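First comes the structure, then the notes that go with it.
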Amino acid sequence: MQKTILATDLDGTFLGGSDAQRAELYDWILARRDEIVLIYASGRSLTAMQDVLTGLPLQPDHIIADVGTSFYTGPQYLPHEGMEAWFDGCWPTDARERVHAVLQSHPHLKPQPHIEGRRISCFYTDEALALAAREAVAPLGFDVLLSDNMYFDVLPRGVQKGPTLLRTLQALNLSPERTLVAGDTLNDLSLFQTGLAGVAVANREPLLNAAIADLTNVHQSELEGAGGVLEALRRFH
Numbered sequence: 001m002q003k004t005i006l007a008t009d010l011d012g013t014f015l016g017g018s019d020a021q022r023a024e025l026y027d028w029i030l031a032r033r034d035e036i037v038l039i040y041a042s043g044r045s046l047t048a049m050q051d052v053l054t055g056l057p058l059q060p061d062h063i064i065a066d067v068g069t070s071f072y073t074g075p076q077y078l079p080h081e082g083m084e085a086w087f088d089g090c091w092p093t094d095a096r097e098r099v100h101a102v103l104q105s106h107p108h109l110k111p112q113p114h115i116e117g118r119r120i121s122c123f124y125t126d127e128a129l130a131l132a133a134r135e136a137v138a139p140l141g142f143d144v145l146l147s148d149n150m151y152f153d154v155l156p157r158g159v160q161k162g163p164t165l166l167r168t169l170q171a172l173n174l175s176p177e178r179t180l181v182a183g184d185t186l187n188d189l190s191l192f193q194t195g196l197a198g199v200a201v202a203n204r205e206p207l208l209n210a211a212i213a214d215l216t217n218v219h220q221s222e223l224e225g226a227g228g229v230l231e232a233l234r235r236f237h
């Protein structure tokens with residue numbers, strides 16, 4: 001029997017829902033731990049994820065961090081040589097310097113703490129100003145992702161959670177057909193755009209709701225966070 005791969009966002013998704021919903025999901029996975037490959041796919045850095053890793057009753061097998069610009073394989077959560085080569089090829093050594101030079105003209109963007117990986121991440125409060133900053137960065141050849149009405153991420157072109165997950169499945173010889181993805185914000189959209197089976201939990205942001213409206217591979221759950229993940233996982237597994 002092939003294992004089921006669950007690649008899930010953390011905040012609002014795997015960590016979302018009620019205490020009872022989270023406990024039920026975690027217990028369900030623990031009871032089938034040998035049958036499931038658990039991958040966290042988060043906007044957090046590995047450092048910022050430490051409270052999750054120590055606080056949950058189960059540990060992931062692998063971690064996609066930094067909005068898809070880092071990958072770590074367990075149980076020690078070390079970088080993967082092949083994935084590192086791909087990331088480095090997409091993120092020039094002078095990328096930070098070039099992006100920072102442009103963003104100096106956009107002081108409304110406030111740097112996020114604990115940033116790792118090949119990205120530059122800020123907070124924004126004014127969408128119009130954030131969109132203007134995105135236009136300014138675009139000629140440099142990088143992608144800019146706005147999500148959850150607050151996050152401004154400059155990423156290597158073509159590198160987000162979804163593409164990184166597909167590379168991960170290939171690198172680790174894991175089955176795309178046995179993979180379920182889960183998320184709740186626009187930084188999870190690329191997971192759903194892979195064509196893999198997916199679940200968007202009920203507390204998803206409205207812009208994500210609109211973006212996945214025509215994606216037939218995505219189940220739009222009426223249950224929040226962990227409740228929606230478990231609903232889909234029970235059907236899929």
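Take the sequence shown: its position 148, counting from 1, is numbered 148 in this note's numbering, and each next residue is one higher.
Where a beta carbon is used, it is the ideal one built from N, C-alpha and C, also for glycine.
Values in this document were obtained by computation on a predicted structure and should not be read as measured data.
What are the start and end residues of the alpha helix (DSSP H) that includes residue i?
| i | result |
| --- | --- |
| glutamine 271 | Absent from the model: residue 271. The displayed extent of the chain is 1 to 237, so no value can be given. |
| valine 99 | 95-103 |
| valine 201 | Taken as a continuous stretch (DSSP letters only), valine 201 belongs to no alpha helix (DSSP H), as it is neither H nor E. |
| phenylalanine 236 | 225-236 |
| glutamine 2 | First-last for glutamine 2: undefined, no H or E at that position. |
| alanine 20 | 19-31 |
| phenylalanine 192 | 189-192 |
Terminal residues of the continuous beta strand (DSSP E) containing residue i?
| i | result |
| --- | --- |
| tyrosine 40 | 36-41 |
| phenylalanine 152 | 151-155 |
| threonine 179 | 179-183 |
Nearest-angstrom Cα distance between residue i and residue j?
| i | j | result |
| --- | --- | --- |
| isoleucine 64 | alanine 200 | 18 Å |
| asparagine 149 | glutamine 50 | 25 Å |
| proline 206 | aspartate 94 | 36 Å |
| threonine 164 | threonine 69 | 7 Å |
| aspartate 61 | proline 75 | 7 Å |
| glycine 89 | threonine 194 | 21 Å |
| glutamate 24 | cysteine 122 | 35 Å |
When DSSP builds the beta bridges, which residues end up paired with residue i?
| i | result |
| --- | --- |
| glutamine 220 | Ala200 |
| cysteine 90 | Beta-bridge pairing links cysteine 90 to no other residue. |
| alanine 7 | Ile39 and Val181 |
| leucine 146 | Phe152 |
| histidine 62 | Ile39 and Thr73 |
| proline 111 | Cys122 |
With residue i and residue j assumed to form a contact (beta carbons below 8 Å), what rounded beta-carbon distance in angstroms separates them?
| i | j | result |
| --- | --- | --- |
| valine 181 | leucine 166 | Going by Cβ atoms, the distance from valine 181 to leucine 166 rounds to 10 Å, so no, they are not a contact pair. |
| alanine 232 | serine 221 | 7 Å |
| asparagine 187 | lysine 161 | 7 Å |
Stretch-stretch touch, CB-based, cutoff 8 Å, three pairs: the stretch 37-46 with the stretch 122-136: no
Stretch pair the stretch 103-115 + the stretch 172-179: three plus CB contacts closer than 8 Å: Touching, no.
Cβ contact (3+ pairs, closer than 8 Å) linking the stretch 6-25 and the stretch 215-231: yes
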